[in-house]
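Note sheet for the following structure.
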Ligand code: GLU
């Protein structure tokens with residue numbers, strides 16, 4: 002198994018699958034099929050309040066309708082799973098996350114944080130340019146042990162934060178976007194929320210390690226978040242997987258596709274009579290591997306996969322073209 006490529010598609014079932022999600026799944030599938038590796042489907046339903054089982058069932062149906070199958074993960078239409086690294090739903094994997102948190106704690110890299118969102122907003126300066134990300138000012142790094150004990154004793158809620166000993170030269174290499182340098186660090190990040198839910202960076206790294214993932218294909222919106230994950234791999238002394246971020250998909254007026262936009266959901270396209278081959282041919286065209294969108298079955302596109310020629314620019318998607 003050492004040399005075998007293991008990829009994964011890791012959707013958050015908080016809405017219907019749209020063309021942007023399907024595009025990332027298509028590329029993850031194609032890369033693995035091209036290399037003769039294994040694809041894992043992992044359902045990222047950490048926050049059960051924001052995700053719904055009918056969405057992940059829908060995601061599985063949509064993937065199979067497109068012809069994108071997986072080798073490990075939940076089964077569509079029946080209970081049970083295939084694969085040896087399950088459960089494949091993050092909401093069932095708390096034990097693993099707790100063990101990884103303990104491993105980080107043992108190195109002194111975790112501290113309790115009592116700050117509310119409002120506290121952080123009040124204490125930090127200008128917000129980051131990107132969607133309301135605030136730099137954590139490090140308030141609770143400086144608490145004494147006695148103070149921590151007292152506050153916990155008073156029943157104050159706390160999250161667990163990663164003590165990020167940030168190296169200014171932190172970089173990683175993405176197989177599409179090349180050498181990435183951290184340009185803004187939002188500071189020590191949360192590993193476990195105060196409501197006990199494990200946070201995405203911890204869960205994703207714990208899972209990708211435990212599932213022996215070698216290649217991570219996902220949207221370019223996670224290029225920055227990857228730095229936190231690189232920091233965790235380093236702290237846990239595990240080798241980095243290959244990162245393959247793929248261009249984001251936008252509406253003609255420049256907005257990122259959202260799960261709330263019904264017009265680009267696979268379900269609505271299917272209901273309109275759009276064929277899966279039309280969608281896959283469009284994806285291969287977006288990638289730059291077909292001169293024009295021509296209907297094609299997933300397996301007929303495997304031979305076209307080539308990361309070095311994947312276009313890097315964001316994709317404009319007009320669902321009316323389908
Ligand atoms: N669950 C994330 C999403 O749906 C993807 C995380 C990942 O691929 O690392 O956006």
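In our numbering, the protein residues as written are 2 to 323.
For every residue, glycine included, the Cβ atom is placed at its ideal position computed from N, Cα and C.
Bear in mind that the values here come from a model prediction, so they are computed numbers and not experimental data.
If you run the structure through DSSP and keep just helix, strand and coil, what is residue i?
{"i": "residue 129", "result": "At residue 129, the pLDDT of 48 sits below 50, so the modelled position is not reliable and the matter cannot be decided from this model."}
{"i": "residue 110", "result": "coil"}
{"i": "residue 222", "result": "helix"}
{"i": "residue 153", "result": "helix"}
{"i": "residue 179", "result": "strand"}
{"i": "residue 313", "result": "coil"}
{"i": "residue 323", "result": "coil"}
{"i": "residue 277", "result": "helix"}
{"i": "residue 73", "result": "strand"}
{"i": "residue 286", "result": "helix"}
{"i": "residue 13", "result": "coil"}
{"i": "residue 8", "result": "strand"}
{"i": "residue 198", "result": "coil"}
{"i": "residue 192", "result": "strand"}
{"i": "residue 215", "result": "coil"}
{"i": "residue 42", "result": "strand"}
Give a yes or no on whether the C-beta atoms belonging to residue i and residue j are separated by under 8 Å.
{"i": "residue 42", "j": "residue 71", "result": "yes"}
{"i": "residue 161", "j": "residue 113", "result": "yes"}
{"i": "residue 188", "j": "residue 139", "result": "yes"}
{"i": "residue 55", "j": "residue 266", "result": "no"}
{"i": "residue 36", "j": "residue 10", "result": "no"}
{"i": "residue 141", "j": "residue 164", "result": "no"}
{"i": "residue 53", "j": "residue 12", "result": "no"}
{"i": "residue 214", "j": "residue 8", "result": "yes"}
{"i": "residue 47", "j": "residue 191", "result": "no"}
{"i": "residue 206", "j": "residue 183", "result": "no"}
{"i": "residue 297", "j": "residue 323", "result": "no"}
{"i": "residue 156", "j": "residue 251", "result": "no"}
At a cut-off of 7 Å, would you count residue i as near the ligand GLU, judging by its Cβ distance to the nearest heavy atom?
{"i": "residue 223", "result": "yes"}
{"i": "residue 75", "result": "no"}
{"i": "residue 45", "result": "yes"}
{"i": "residue 219", "result": "yes"}
{"i": "residue 13", "result": "yes"}
{"i": "residue 205", "result": "yes"}
Report task. Examine the Cβ distances between the segment 302-315 and the segment 85-97 and report whether three or more of them are shorter than 8 Å. Result -> no
Query - Stretch-stretch touch, CB-based, cutoff 8 Å, three pairs: the segment 284-292 with the segment 305-322 - result: yes
Report task. Assess, as a yes-or-no matter, whether the segment 216-236 is touched by the segment 57-75 under the definition of 3 or more beta carbon pairs within less than 8 Å. Result -> no
Query raised in the report: Do the segment 7-27 and the segment 170-185 meet, that is, are 3 or more Cβ pairs less than 8 Å apart?
Result: no
Query raised in the report: Can you find at least 3 beta carbon pairs, one from the segment 216-226 and one from the segment 237-254, that sit closer than 8 Å?
Result: Taking a cut-off of 8 Å on C-beta distances, the segment 216-226 touches the segment 237-254, as three or more cross pairs fall below it.
Query - Segment contact flag, the segment 43-54 with the segment 74-92, C-beta cutoff 8 Å, min 3 pairs - result: yes
Requested in this report: Taking 8 Å as the threshold, find out whether the segment 270-279 comes into contact with the segment 54-68 through three or more Cβ pairs.
Outcome: The answer is yes - the segment 54-68 touches the segment 270-279, with three or more Cβ pairs under 8 Å.
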